[in-house]
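So for the sequence shown, my numbering puts the first residue at 94; every next one is plus one. Ideal placement from N, C-alpha and C gives every residue a C-beta, glycine not left out.
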Amino acid sequence: MRPTRPRGRAATALALALLALAGCGIPPTDPGVAGGPARGIQRPGADSHTARLIFVGSSGPQAVARPVEGPVDAREAMDLLLDGPSAAERERGLFTEVPPMSGGVRVTATEGAVDVYIPMKASALPVAAVSQLVCTAANADIPGDRPPAEVDVRIFEEKRYPWQLRCGDSGNAYPTGGSDGPD
94 MRPTRPRGRA ATALALALLA LAGCGIPPTD PGVAGGPARG IQRPGADSHT ARLIFVGSSG
154 PQAVARPVEG PVDAREAMDL LLDGPSAAER ERGLFTEVPP MSGGVRVTAT EGAVDVYIPM
214 KASALPVAAV SQLVCTAANA DIPGDRPPAE VDVRIFEEKR YPWQLRCGDS GNAYPTGGSD
274 GPD
């Protein structure tokens, strides 16, 4: 066996270096266009607020986090819900089952509870509409700082006893048994 010569080792190292520098035949390219600066990223130290509204999509209730100027109380959240989905939300396939309510909707909030007064029978509403009303109210900024699933929402219809409901994790409303309920 012959000893390896220093010149042979140097030639092998040079060949490997040239191969690495060749880049395996990849041609040089200019930097790609990256587009504008990132949007929607919160500036450090800045407060951000969103209103959590419930609309309906192809798979049922869908929560939407809509950017707003400050904390949104139950009245403001209900107004946003009644305005319906934005153009961008409609493009995502979201819609509302809450019908126009002539006479308006009144909303009051107390610690851990929201009262929603509607000018029609709740039983005439689609189930999805009731869930939209209840879960949007429960996700608003209300006194008591309870999680949405622990907020009691009472739907008052045409001066009758209220329906008492809560919002489940899936965005569906369910009765709590704390009311006389529908006739």
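- At least 7 Å separates the beta-carbon of L174 from that of G150.
- Taking C-beta atoms as the reference points, A158 and I147 fail to come closer than 7 Å.
- Around Y210, the same chain offers R199, F249 as residues with beta carbons nearer than 6 Å, after the five sequence neighbours per side are excluded.
- A contact between stretches requires three or more CB pairs, one per stretch, nearer than 8 Å, and the stretch 231 to 240 fails this requirement with the stretch 190 to 198.
- The shortest C-alpha to C-alpha distance from E251 to any of G177, R168, P212 is the one to P212.
- Here A156 carries a strand assignment [DSSP, helix/strand/coil].
- Taking C-beta separations shorter than 8 Å and ignoring five residues to either side along the sequence, the partners of V207 in its chain run A167, V200, T201, A230, A231, A233, I235, V244, D245, V246, R247, following chain order.
- Distances from the alpha-carbon of P154 to those of S224, A242, P255, V165 put S224 closest.
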